[in-house]
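Number of protein chains: 2
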Amino acid sequence: MTLIPPRTLKGFRDLMPDQALRRERMVDVVSAVFRAHGYRPIETPALEYAEILKGKGGEESDKQLYEFDDAGKRRVALRFDLTVPLARFVAEHEGKLAFPFRRYHVGPVWRGERPQKGRYREFLQCDADLVGATGDAADTEMLVVMAAAYRALDVGAVTIRFNDRRILAGLLERLDASGLAVPVLRALDKLDKRGTEAVAREMREAGLPAESTERLLGLAEMGTDDADTLARLEGAVTGSRVGEEGLAALGRVRDLAIASGVDPGLLRVDPRIARGLDYYTGIVFEAHFADTPGFGSVGGGGRYDDLAGLYTKSRLPGVGGSIGIDRLLAAVEEREGGTARQSVSDAMVVHPGPERLEAAFAFAAGLRARGLSAEVFPEPKKHGAQMRYADRLGIRFVFTPDADGAFHAKDLIAGETFDVSTPEEAAGEITTRRDAPVDRA
Amino acid sequence: MTLIPPRTLKGFRDLMPDQALRRERMVDVVSAVFRAHGYRPIETPALEYAEILKGKGGEESDKQLYEFDDAGKRRVALRFDLTVPLARFVAEHEGKLAFPFRRYHVGPVWRGERPQKGRYREFLQCDADLVGATGDAADTEMLVVMAAAYRALDVGAVTIRFNDRRILAGLLERLDASGLAVPVLRALDKLDKRGTEAVAREMREAGLPAESTERLLGLAEMGTDDADTLARLEGAVTGSRVGEEGLAALGRVRDLAIASGVDPGLLRVDPRIARGLDYYTGIVFEAHFADTPGFGSVGGGGRYDDLAGLYTKSRLPGVGGSIGIDRLLAAVEEREGGTARQSVSDAMVVHPGPERLEAAFAFAAGLRARGLSAEVFPEPKKHGAQMRYADRLGIRFVFTPDADGAFHAKDLIAGETFDVSTPEEAAGEITTRRDAPVDRA
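Quick mapping for you: the protein sequence lines, in order, are chains A and B. Take 1 as the starting number for the first sequence in this note's numbering and just add one per residue. Take 442 as the starting number for the second sequence in this note's numbering and just add one per residue.
As structure tokens, this is what we get:
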């Protein structure tokens, strides 16, 4: 028989156990932070009517859509984000939901992008949104949630750079260029990736005079600190009502976030943050590693005026944020070389042959009853082969049942042996030894 | 502008926050049980090459496949289970994996079935497999894992009915009907759903003589208890080597599972369990509610000889089990009327207007720092509207900042009020009051 080559599609990937475990732990941490702030999960289908998804993310995302006819001749597509499904969900279930509505959603999305290093056609989206509320409290809450999530993830310091779209609108108003907001802000959003030169060219091509382009890019520089940045922006927006409003709100949100315990050193007013998406109308933010900002954004979000206007006449403003779990996973793997073993078993019990197997199983069950994870090697292989398996998986403690009902234990990290007679005793030894400093053998 | 009707595809559904939260908790519980037994997660893409997935689950599952050409003209399909992707995964990464390989995988799968009550075209699969090991220890481990998962889920007592395909092979051998194993076992598997009459007809149509059909169906009845069932089976398989082997293994596995602490009352030898899938070769099992077995299977699995033979020359035997999370969710909702509110916030802090907002935010942060979940109402609405929101979401404790820096608290379940001045004091009150019995106001 001809074998079918086992392979994944271009741009798709498997997660190996170490990676999957790490990502699962990240998702658990972020979900717990969301819940601690009153957010509840929802689930929506991976497949939607194509008409629900098309024309929502712009031309580029339509082109990237996985779209097809199902067996019932319905035109369907795989979701490309979790925001459009949220909009459809809120419009469909409006009468059943309590507003303000806080929801989080973690799930895969699909985009047929050209595959590049670190970018996949399927990736995990991890979003929180507060729908049906406007104002400082709602905007600040989203910064507080994001900051708490990055802190809990323990991936290194993450700075949240934030801005308000109204400040950018004010700057453009003062430059008599309000009509150019969409192309100019899309260009500004690329500053980090493309550099000043390319962005300036794009702005001029959009119709912004060279002088205004220079002035805008000058203002968009961050100051020496937030006070400096805010002072410079104040000079630039004075006279534009929308600009003044945005700047005042930004200051209040900053103070409120700090009062809530967000580390002021990890919050940064950054007038360059525009976010490419057209639907943002107020606060916008992006998360970057404090030490390696060149790694790129590891999350972001902002305020929108009208989430679900395509599906309902109700006007539903809100604010949302997205944690870039797959980007963070890539960063951690890059840092640690991707080789760290993520063992789940605290202990392995050696398969002692059929006559002592019941004792081995009962011992493992006893460890689990004490909150430890334990596996019994599932076949009566040679002792050495079983030990090599434990070592390869990074399982630290191995217990071998002997004929007298005792268990010989080996601590594979400390390279020490000891004996125990009950799971209780074993659990105690494991706890003590794990807490002790080790000279690695 | 014409609105797009917000709706999901036929056979698909959203999970509302209460449902999604409950399902997420179930997944967390089951995943923790899997990890406690040494299983580690993997992830595979939702989309695979169609040739990887086709012809693996039989004609029916090919017809149900969501299959299409992607933008690069590749024939692709959405996975219909997690076992075929596991086979492809193991074949592709064989050299990198440590065997025996224990993995779990929780994720959505898609089948274009005719939608029926409680059956959806997208559902969550929740599988554990131990690949690369044969024998009693491996088989028993899977029963132990499944039993631990149902117990931890706390959804009511779940009985695991188990059997060994070799016993069925032995019965057929003794009836001179070994050549009919595939259609006869497929028929037997439908006993619960279709009844004896229909199954007997299907067996006769497959070519099994009427007398043998009657004899087989008689033997497949469960005895008064496991000892009785085993004794009857012993008489029936004696003389068939494969049957005797299967029966002996079944007895050893039963004893070993009980030695590991599985409640003997929740294990039941059931000769009718065949599992429809052709690839099972040894132990097979199914989980049912002890009180409402008519609800149908809420999980199952078994042993296979050759997981990945279509993709690799390596022979990889294993044993796997699947927890029917969506079926369990449906059962719990049916039982509780689906209306139980699953609040995530322990406390809500009332929005006191702009001048005291910082105090409100700092207070909520203080509660979170003490392990509680807390939200601040995000807009300065009337006090009554804020209280109604808290009540609707099932948030028990509401704190209102006053002008003096104190917080007026209301326990919405006990209908009592009290005052606190710090988050620490509030956290203490919440803990004490939650532990106390309540006369519901």
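Just so you know, even glycine gets a beta-carbon here, dropped at the ideal spot from N, CA and C. Nothing here was measured: the structure is a model prediction, and the numbers come from that model.
- Within the same chain, and ignoring the five residues on either side of Gly648 (chain B) in sequence, the residues whose Cβ sits closer than 6 Å to its Cβ are Leu621.
- For Ala850 (chain B), the enclosing beta strand (DSSP E) stretches over residues Phe848 to Asp852.
- For the set A:Asp226, A:Lys117, A:Leu153 and A:Arg79, the Cα lying nearest the Cα of Phe162 (chain A) is the one of A:Asp226.
- Contacts with chain A at 7 Å (Cβ-Cβ) include Leu444 (chain B).
- Taking each of A:Leu393, A:Val284 and A:Gly428 in turn and checking the Cα distance to Pro541 (chain B), the smallest one comes out for A:Leu393.
- Counting the other Cβ atoms within 10 Å of the Cβ of Ser862 (chain B) gives fewer than 16, which makes it exposed.
- Its chain contains Thr654 and Leu658 as the residues whose beta carbon lies nearer than 7 Å to that of Ala641 (chain B), once the 5 sequence neighbours on both sides are disregarded; these appear in chain order.
- Within 7 Å of the CB of Ile493 (chain B), the CB atoms of chain A belong to Ile4, in sequence order along the chain.
- Just so you know, the alpha carbons of Thr159 (chain A) and Ala800 (chain B) end up roughly 24 Å apart.
- Classified as buried, Arg22 (chain A) has 16 or more neighbouring CB atoms from the shown chains inside 10 Å of its CB.
- Below 8 Å, too few C-beta pairs join the segment 250 to 262 of chain A and the segment 286 to 297 of chain A to call them touching: fewer than three.
- Not a single C-beta of chain B is nearer than 7 Å to the C-beta of Ile258 (chain A).
- The C-beta distance from Ala574 (chain B) to Glu67 (chain A) rounds to 43 Å, too long to fall under 8 Å, and the pair is not in contact.
- Secondary structure at Thr281 (chain A): strand, using DSSP grouped into helix, strand and coil.
- With a threshold of 7 Å between beta carbons, Ala138 (chain A) makes contact with chain B.
- Comparing C-alpha distances from Gly118 (chain A) to each of A:Leu310, A:Gly11 and A:Asp404 shows the shortest one belongs to A:Gly11.
- For Phe89 (chain A), the chain B residues whose Cβ falls inside 8 Å of its Cβ are Pro447 and Asp455, in order along the chain.
- Using a Cβ-Cβ cut-off of 8 Å, Asp511 (chain B) is close to Leu9, Tyr66 and Gly112 of chain A, given in chain order.
- Arg606 (chain B) and Tyr721 (chain B) do touch by the CB rule: their CB atoms are close to 5 Å apart, below 8 Å.
- Taking a C-beta cut-off of 9 Å against chain A, the contacting residues of the segment 476 to 489 of chain B are Arg476, Ala477, His478, Gly479, Tyr480, Arg481, Pro482, Ile483, Glu484, Thr485, Pro486, Ala487, Leu488 and Glu489, listed in chain order.
- The C-alpha of Gly321 (chain A) lies about 19 Å from the C-alpha of Lys190 (chain A).
- Counting C-beta pairs closer than 8 Å gives fewer than three between the segment 574 to 585 of chain B and the segment 486 to 499 of chain B, which falls short of the contact rule.
- Using beta-carbon distances, Tyr752 (chain B) counts as an interface residue toward chain A, with a partner under 7 Å.
- As summarised for the segment 340 to 419 of chain A, the continuous alpha helix (DSSP H) elements at least 4 residues long and confined to that stretch are 357 to 369 and 383 to 393, given in chain order.
- The Cβ atoms of Val531 (chain B) and Lys497 (chain B) lie no closer than 7 Å to each other.
- Taking the C-beta atoms as reference points, Gln505 (chain B) is found no nearer than 7 Å to Glu563 (chain B).
- Taking 7 Å as the threshold, the shortest C-beta distance from Glu816 (chain B) to chain A falls below it.
- For Pro108 (chain A), there is no enclosing alpha helix (DSSP H); the enclosing beta strand (DSSP E) has its first and last residue at Phe101 to Trp110.
- Contact note: Tyr591 (chain B) does not reach chain A at a C-beta cutoff of 8 Å; the least C-beta distance is about 15 Å.
- Interface with chain A (7 Å Cβ-Cβ cutoff): Pro842 (chain B) is excluded.
- Each residue's CA atom was taken as its position, placing Ala198 (chain A) and Thr238 (chain A) some 29 Å apart.
- Cα atoms of Arg776 (chain B) and Ile764 (chain B): separation of roughly 19 Å, rounded to the nearest angstrom.
- Look at the segment 123 to 162 of chain A and you find these whole runs of alpha helix (DSSP H), each 4 residues long or longer: 136 to 153.
- Contacts between Val471 (chain B) and chain A, judged by CB atoms closer than 7 Å, are missing: the closest CB pair is about 12 Å apart.
- Contact annotation for Leu798 (chain B) against chain A: Asp136, Ala137 and Leu256 [CB-CB distance below 8 Å, chain order].
- Of B:Pro842, B:Ala749 and B:Val703, the smallest CA-CA separation from Ala364 (chain A) is found for B:Val703.
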